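Residue numbers (the working numbering), protein chains in the order written: chain A, 123 to 403; chain B, 5 to 319; chain C, 26 to 690; chain D, 44 to 377; chain E, 1273 to 1439.
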């Protein structure tokens, strides 16, 4: 999508239109491209990622967290843990960031038409699914039942809290939210337990259903057997991988898992594909 | 060969019997240590594929011990394999290490910095005649032409404070101190000339970090120069960052460097890095009487002070 | 960190006269990350601070730079203002554009440019500032006093009277120190014992004082508020609980010919002894080195005669650990050994004065024992050699003191006064005797001191000769003293019956090793160093340790007692708070990156770095890392500059903050 | 009719090219080494030695600025670097092992996204190859399917002649053009015989067999065995003509600075380290495995080529004596 | 009273790394005493000279400083007892290293300035500024900043342009 005819490493400039602190160290940014032409032409698919730069600190890779159905802006969500994310977090509304992308493959949304969807996410890994969730909710009549199982360590660690409330309020979405034992406050109205356990309890039917799973490696590790037990085939389970990237273009040699370049062959993979890779991620 | 008028500097410094006797002594001891279970591994050298080369080897069985060698190609300072950054090698349990005199200084330095404990180590010292220089033609024997620059000024041919000395030091001729001469040549230059000398070298630096990675003292988990918050030293291989990197490294090693010159040997761009370390060693000796030695030091010259230290440079 | 407010102060006209403050504020407003910038006439005034607080709220500021005077002037003011505006005070910095700019430059353009650049640097710094929280350290409200001389006794009594427990440790079998050895004291000539012994008894009876005599400090760990002191109670061979102090054992001990050091070896004592009759505690101790039983295994008389069965030959040294929050060091002094240069001493001896070879050459403290009513002669002044009353006594001042060539350049402070006192005591006891004093200068600052000194000359007929003694030798039963009177310009020769040397006061032998245990610093004479010569004269640089008396430098009794009370007051001040609060400018270790080379530990002036073991859940040692005790860390940052991997970082002066400033140059 | 050029004319050709404004890069003395560097004159050309660093930096420099930025009152201004303005370049006296590399790297630099920094230089560079007549015991080009006389990769190829001078072969159209344009410097080859090509020693490798082993041995004790010795530096990667991993960094402050792309090495411990601390290749065995796999399996899987030309630079440079040829021999024999 | 202000062609950038207890206070004293000195100096405050890392000096040179002053408490006066003693050794060594690499040590001044020595601060800063002004800009590090691969020469016109584009 980028006009790469000259310099594929040159980012578009975007202005921070809104920012929101999801947790004490996780922030969401809504970015609007400064160039009008780019603003109109920039399209992406759910699951794709971009390289975001804070000038002076460098670039960092996150998924585009907003839905392709919502145009005129993109959103991202990140935890401030390194040089670039710290710098991005220090920016204010009106400040400029660089954006390169969109890169990578995406969720085959069209293939999900007519199917039930189960989203399973943990902690800061909701953003890659949030883009799909909104994408599907915006085309609600094309899908069957939609179930979202989302958990975090504590109540405070849940991201997109306002949207959780919105989904909870909708009758056409089933939201199961949970926190790890001990992470619940006095007013917590969700479940208490680890995501795989809660998923098992929620027991979405596997027939004609696709599961989209995103979370920390440990959550994925325990979630896949649960899905299997519930009857999901490896081809019906999608996840995203996040490896360290620099170029996002399949050149710099960092993100490969075996011969798979996450930046180009991914980041979206089915469980079958993930199982076929060397276990080095 | 019919050529009898062999050039003086290509005459072998020692006869080949010397190398085989050291090799045999190392093998015997390594075999004994491993078969008695006294150590779990012996860090030594074995022959490489190419003639005249040797490479670090970690023998964990008596059979492997029989493959250990000592030859002029045994250039590495094996102390590297005991430091934290490479801690996988020194697996659990006591290990033995083959050490030349120069390597012993590094071991002593590491003991002084709480990285090693003498009692957890069996040191097989080598009565060392010298090793090849980085650019030596390894098809030739060890001679004045092929010997490493550091070996020309070696003062520790015979190891001290070791558990066993392999071989005995043969009679060796006095060699001219090339490195000292080079240092003196640089010192005699104007600052601008020295700047030109060093920046030419540093501009070739590719930041492969071989100097750091082979240095027994660069055992930090997180190198200062890899940090990015803040980025004290630029990481990209440009003259500016390269110069900063080598200056910072020189400073971090000042008073610690044991003078093994591995950095210089490892440098694929032939930067004479040991000159920096040697210069600092010389200055610290002049200023504070410090010298890297075979006995571990409690503090080191830049971690202690005297109230009457020189301050003629301070206004 | 990027909603920074910049407040440029005019300081009346102090800044605005040479710095274009509006231009500075405007330039600051353009800096990235600055959300608000303004200038104001007096930022430190109430309305100025109000402006700051209001801006914090209105502009959601998360950092403040006040461009005004030196931070040494108003940093606290503005940090407090920031705090009351709900901001962490450490997110507020001052840009010094007065002392470092407007007051030192005249050119308006240059000064304005410099002010902008200073503000820019500080803005970049503030972006990297972190929220810091003051450190609180719990305090153990007990104190340790080391030394049971007058300094230690005074400090212990003061602290104990304030209601805090005191552990008083004395090396000798009895407390009392040098003052207990003195006869009378200048300038009032009170009997030393008379004023001292009641205090000693008070110590013994005080419910808040735990007294360890015949004990030494073995080890000190911890830091202000939280020291763990190990005391070695040396084996007394007498059970203190059982002993009634009846004195039978000392009376019956067959070994009686041991010189009594309390009496400067003039008198003798038995192998089981109390050093002097008024000793506290009045419990004997067996001098094992001289006891026949300990030497040969035969004798055992004392054990047999002891009714309560208190004598215990099997007694061992005992180690007691005492937790305390503060330490008063009052270890006193000793006298310069004036004999031939002793092996290992840094000082040259005074062999030429015959001390140790001529029996009738004695030092001042020996003279005190001679003059003391409770001394070996019952207060009668006699010559050690033949017990005759000396008719001509020569006193020589400044022996050892102010003698740079012999190794000591300081003045021992008390000798002028005690020599004057000696001449008086002598004259009172030997009415027909004549005292001569060789002196360099008479130093008599102190209340009633000069009057006292003059009295010794004018009323007590002491002859003062200004000059030094050049030679001294035995001639028959006389000691010939040859010197010069520099005032008159003649050579003087006196055939003396007794010569008394006013020897220098020096630090206790072993003062350095105790200092190392305590982690306090000392000067080249081994006197302990105060934190500041004028403003912190009783504190050590090591927090929680205080000095009293002559261990810090030569002192007379009034000064010693004053300082002891001052040290006690410092301890009480510390104990008055529930917890100790400290500025959080301390070093912290990044345990993930620390490789345990311990260079930080090697350079830390405070001994604040410890080795910390990291263990897994099963208790297996994974690795060792450095740990900086925030209670001990002084915040100098030497560790960080030394650490190769920068795994230790000084809060408030992190590399990020410094490099941000440099990059903003 | 085969052409030839004398050494003198070869140097004259360089002088001429430089004069016409081309950049000429060739082996040049640099202290104790020879390096591919821009030549100011033909006399600087060194013909006797294999340069220490490969020729890849003519296309893919050690470090290059990819953009600069400055923050002004109106926000951030990004200043592009226009690859279209890169100079026309002639790479001269390039050994076959170096000349082969661009042909391998083209694939990755044009895979979906054209890296114009590489492509533009590639397009504007003519390569004059030079056959090797001597090899040392680190050379193993023949073992990986190349040869000291391999013309592939060069536009013009020079083979030293026994009587001095070089036989000249135009391999590509670019080469033909060069030949035509500077025809005055080239003569007829006549009967002069080329010097025999060098003969690098060592066992031949069956690359397909090696790949098959790699396909099956993601887990193998071999990786640990090598990693035990590996010091984790990047000397091998940085000297390699085919290694192409890179890093992108911003240098400067928030207000102004440059974004730079520079060589990186998969052997570095922090190469794949996430900011969170998670590192997929957290041990040296995984990193060495990736290096070898990337060269002989992954790249093959993706692009049908292997990332090795047998130049032997990594063998010579490795400070701990890791010898990729010995490793391949071992795999080959399994 | 004051001499007419002279305009110089070159105004050097001088950075002073000082400890807060002595030299910073000494500079404050110079201010309260209204002493005058060149405005070139920029002060970076540290708790103690012991905190000053040689990297800071290097970094300052790289970022455009033409002269650097490091100043702290006189020996024996250190607020932290020994920080300046450690600093003294560290910088005695570091200056030798810089000199060996080719930095003219006239650009790097060390001094002890106590809180009472406002006059000495003025003297040290003035002297250093004038010396550096006479020496001219420190070109060495500035040249390096602009160089890129191939033995340090700015290799291509577009690169030269790129550097020009960095304001």
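Ideal Cβ positions, reconstructed from N, Cα and C, are used throughout, including at glycine.
Note that the structure is predicted; figures quoted are calculated from it, not measured.
> Which residues in chain C sit within 8 Å of residue 1314 of chain E, going by Cβ to Cβ distance?
Replying inline: Along the fifth chain, read from residue 1 onward, the residue named residue 1314 of chain E stands at position 42. In chain order: 139, 142, 143, 146, 690.
>> Let me check one thing: in DSSP terms, what residues is residue 3 of chain B bridge-paired to?
In response: Chain B is shown from 5 up to 319; residue 3 of chain B falls before or after that span and cannot be answered.
>> According to DSSP, is residue 333 of chain D part of a helix, a strand, or is it coil?
In response: The sequence position of residue 333 of chain D within the fourth chain is 290, counting from 1. Helix at residue 333 of chain D.
> Identify the residues that DSSP records as bridge partners of residue 506 of chain C: which are they?
Replying inline: Counted from its first residue, the third chain places residue 506 of chain C at position 481. Per DSSP, C:497, C:519.
> For the ligand MG, is there a heavy atom less than 7 Å away from the beta-carbon of residue 356 of chain D?
Replying inline: In the structure shown, the ligand MG is absent, as is every other ligand, since no ligand is present at all.
> Going by DSSP, which residues form a beta bridge with residue 327 of chain D?
Replying inline: For this step, residue 327 of chain D is matched to residue 284 along the fourth chain. Residue 327 of chain D pairs with nothing; no bridge assigned.
>> I need the straight-line Cα distance from residue 330 of chain A to residue 355 of chain A, nearest angstrom please.
In response: Here residue 330 of chain A refers to the residue found at position 208 when the first chain is read from its first residue. Here residue 355 of chain A refers to the residue found at position 233 when the first chain is read from its first residue. Cα to Cα, the separation comes out at about 11 Å.
>> Quick check: residue 293 of chain B and residue 260 of chain B, are their CB atoms within less than 8 Å of each other?
In response: Position 289 of the second chain, counting from 1, holds the residue named residue 293 of chain B. Position 256 of the second chain, counting from 1, holds the residue named residue 260 of chain B. No, Cβ-Cβ distance for residue 293 of chain B and residue 260 of chain B is not below 8 Å.
>> What are the residues in the region 190–217 of chain A lying within 8 Å of chain B by C-beta distance?
In response: 204, 205, 208
>> For the region 1324–1332 of chain E against the region 1359–1371 of chain E, do three or more pairs of beta-carbon atoms, one drawn from each stretch, fall closer than 8 Å, so that the two count as touching?
In response: yes
> With a CB to CB cut of under 6 Å and the five nearest residues on each side skipped, what residues in its chain are close to residue 141 of chain D?
Replying inline: Translated into the one-based positions of the fourth chain, residue 141 of chain D becomes position 98. Once the five neighbours on either side are set aside, the close Cβ partners of residue 141 of chain D are 97, 98, 284.
>> Against chain A, with Cβ distances strictly below 8 Å, would residue 559 of chain C count as a contact?
In response: By one-based count along the third chain, residue 559 of chain C stands at place 534. Chain A, which has no Cβ nearer than 8 Å to the Cβ of residue 559 of chain C, makes this no.
> Going along the chain, which unbroken runs of the beta strand (DSSP E) with 3 or more residues stay wholly within the region 543–610 of chain C?
Replying inline: 570–572, 604–607
>> Any beta carbon from chain C within less than 8 Å of residue 1285 of chain E's own beta carbon?
In response: Within the fifth chain, numbered from 1, the residue matching residue 1285 of chain E stands at position 13. Residue 1285 of chain E counts as touching chain C.
> Could one say the Cβ of residue 220 of chain D lies closer than 8 Å to chain A's Cβ atoms, at least one of them?
Replying inline: By 1-based counting over the fourth chain, the position of residue 220 of chain D is 177. Not closer than 8 Å to any Cβ of chain A, the Cβ of residue 220 of chain D fails to qualify, so no.
> Do the region 172–186 of chain A and the region 232–240 of chain A meet, that is, are 3 or more Cβ pairs less than 8 Å apart?
Replying inline: no
>> 8 Å is my cut-off, CB to CB: does residue 318 of chain A come that close to chain D?
In response: Numbered from its first residue, the first chain carries residue 318 of chain A at position 196. Judged by the 8 Å Cβ criterion, residue 318 of chain A is not in contact with chain D.
> Does DSSP put residue 665 of chain C in a helix, in a strand, or in coil?
Replying inline: For the purposes of this step, residue 665 of chain C is taken as residue 640 along the third chain, with counting starting at 1. Of the three classes helix, strand and coil, the one that applies to residue 665 of chain C here is helix, per DSSP.
> Can you list, in chain order, the residues of its chain whose CB lies under 7 Å from that of residue 273 of chain B, leaving out five sequence neighbours each side?
Replying inline: Indexing the second chain from 1 puts residue 273 of chain B at position 269. Excluding sequence neighbours, residue 273 of chain B sits near 208, 209, 210.
> When you compare only the Cα positions, how much space is there between residue 395 of chain C and residue 529 of chain C?
Replying inline: Position 370 of the third chain holds residue 395 of chain C. Position 504 of the third chain holds residue 529 of chain C. Computed Cα separation, rounded: 19 Å.
>> Can you pull out the residues from the region 95–120 of chain D whose beta carbon lies closer than 8 Å to at least one beta carbon of chain A?
In response: 109, 110, 112, 114, 118, 119
> Nearest CA to the CA of residue 227 of chain C: which residue from C:645, C:186, C:202, C:108?
Replying inline: The residue given as residue 227 of chain C occupies position 202 in the third chain. Ranking C:645, C:186, C:202, C:108 by Cα distance to residue 227 of chain C puts C:186 first.
> In chain D, which residues lie less than 8 Å from residue 55 of chain C when you measure between Cβ atoms?
Replying inline: In the third chain, residue 55 of chain C corresponds to position 30, counting from 1. Within chain D, the residues near residue 55 of chain C are 116.
>> Any beta carbon of chain B sitting closer than 8 Å to that of residue 1337 of chain E?
In response: Within the fifth chain, residue 1337 of chain E is the residue found at index 65, counting from 1. No, its Cβ sits nowhere closer than 8 Å to a Cβ of chain B.
> If you follow the beta strand (DSSP E) that residue 348 of chain C is part of, which residue opens it and which one closes it?
Replying inline: Translated into positions along the third chain, residue 348 of chain C becomes position 323. Its beta strand (DSSP E) spans residues 343–349.
> Cβ of residue 4 of chain B less than 8 Å from any chain A Cβ?
Replying inline: This structure cannot speak to residue 4 of chain B, because chain B is shown only from 5 to 319.
> Thinking C-alpha only, which one of A:212, A:368, A:293, A:374 is nearest residue 183 of chain A?
Replying inline: Here residue 183 of chain A refers to the residue found at position 61 when the first chain is read from its first residue. For residue 183 of chain A, the nearest C-alpha among the options comes from A:368.
> Which two residues bound the contiguous alpha helix (DSSP H) that contains residue 131 of chain D?
Replying inline: In the fourth chain, the residue the question calls residue 131 of chain D occupies position 88. Counting along the chain, residue 131 of chain D falls outside any alpha helix (DSSP H), and DSSP gives it neither H nor E.
> Between which two residues does the alpha helix (DSSP H) carrying residue 277 of chain C extend?
Replying inline: In the third chain, residue 277 of chain C corresponds to position 252, counting from 1. That run of the alpha helix (DSSP H) goes 273–277.
> Name the chain C residues whose beta carbon is nearer than 8 Å to that of residue 1331 of chain E?
Replying inline: Along the fifth chain, one-based indexing puts residue 1331 of chain E at 59. The answer, in chain order, is 684, 687, 688.
>> Would the region 409–423 of chain C count as touching the region 510–530 of chain C if we require 3 or more Cβ pairs under 8 Å?
In response: yes
> Which residues, in order along the region 242–255 of chain B, keep a beta-carbon less than 7 Å from a beta-carbon of chain E?
Replying inline: 242, 243, 244, 247, 248, 251, 252, 254, 255
> In terms of alpha-carbon separation, which member of D:374, D:211, D:370, D:162 lies closest to residue 171 of chain D?
Replying inline: Start at 1 with the first residue of the fourth chain, and residue 171 of chain D comes out as number 128. Nearest of D:374, D:211, D:370, D:162 to residue 171 of chain D, Cα basis: D:211.
> Should residue 639 of chain C go down as buried or exposed, given a rule of 16 or more other Cβ atoms within 10 Å for buried?
Replying inline: Looking up residue 639 of chain C in the third chain gives position 614. With fewer than 16 Cβ atoms within 10 Å of its Cβ, residue 639 of chain C is classed as exposed.
>> Taking a contact to mean a Cβ-Cβ separation below 8 Å, would you say residue 150 of chain C touches residue 349 of chain C in this structure?
In response: As a working mapping, residue 150 of chain C is identified with position 125 in the third chain. As a working mapping, residue 349 of chain C is identified with position 324 in the third chain. Taking 8 Å as the Cβ cut-off, residue 150 of chain C and residue 349 of chain C do not qualify as a contacting pair.
> Unbroken alpha helix (DSSP H) runs of length 4 or more, entirely within the region 268–292 of chain D: which are they?
Replying inline: 278–282
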